[in-house]
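Visitor:
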Amino acid sequence: MSSEPADPDFRPHRVVVLALDGLLPFELGIPHRIFGRPKDARGRHLYEVVTCSIRPPGPVETDADFAIQIEN
């Protein structure tokens, strides 16, 4: 536990990853690896990474032989 007071104004930056049909699955994971790890001195994540699509939630076709289910 930290003896420092909580910061009520702290909010991580939101990074939105847009998944479009024809995406390369490898490329979809890169932003999550880059922005999903950094933390501040208190151990709080600096970024919130969210994947979304321009359509309602559902499958997005990849350049491979499968689709990826997008929840947002």
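Residue numbers for the sequence shown, in this note's numbering: 35 to 106. Yeah, the Cβ is synthetic: ideal placement off N, Cα and C, and Gly gets one too.
Which of helix, strand or coil does DSSP assign to I88?
Guide: Taking the sequence shown and counting its residues from 1, one reaches residue 88 at position 54. Note: I88 maps to coil in three-state DSSP.
Visitor: Taking the alpha helix (DSSP H) that R48 belongs to, which residues open and close that run?
Guide: The count along the sequence shown starts at 1 and reaches residue 48 at position 14. From DSSP, R48 is part of no alpha helix (DSSP H) but of the beta strand (DSSP E) over 47-52.
Visitor: Which same chain residues end up closer than 8 Å to V49 when comparing Cβ atoms and leaving out the 5 residues on each side of it in sequence?
Guide: Locating residue 49 in the sequence shown gives position 15, counting from the first residue. P65, F69, Y81, E82, V83, V84, listed in sequence order.
Visitor: In terms of residue numbering, what span does the alpha helix (DSSP H) encompassing G63 cover?
Guide: On the sequence shown, position 29 is the one that residue 63 refers to. Element bounds for G63: 59-69.
Visitor: If you follow the beta strand (DSSP E) that A101 is in, where does it begin and where does it stop?
Guide: Reading the sequence shown from its first residue, position 67 is the one you call residue 101. DSSP places A101 in the uninterrupted beta strand (DSSP E) bounded by 101-104.
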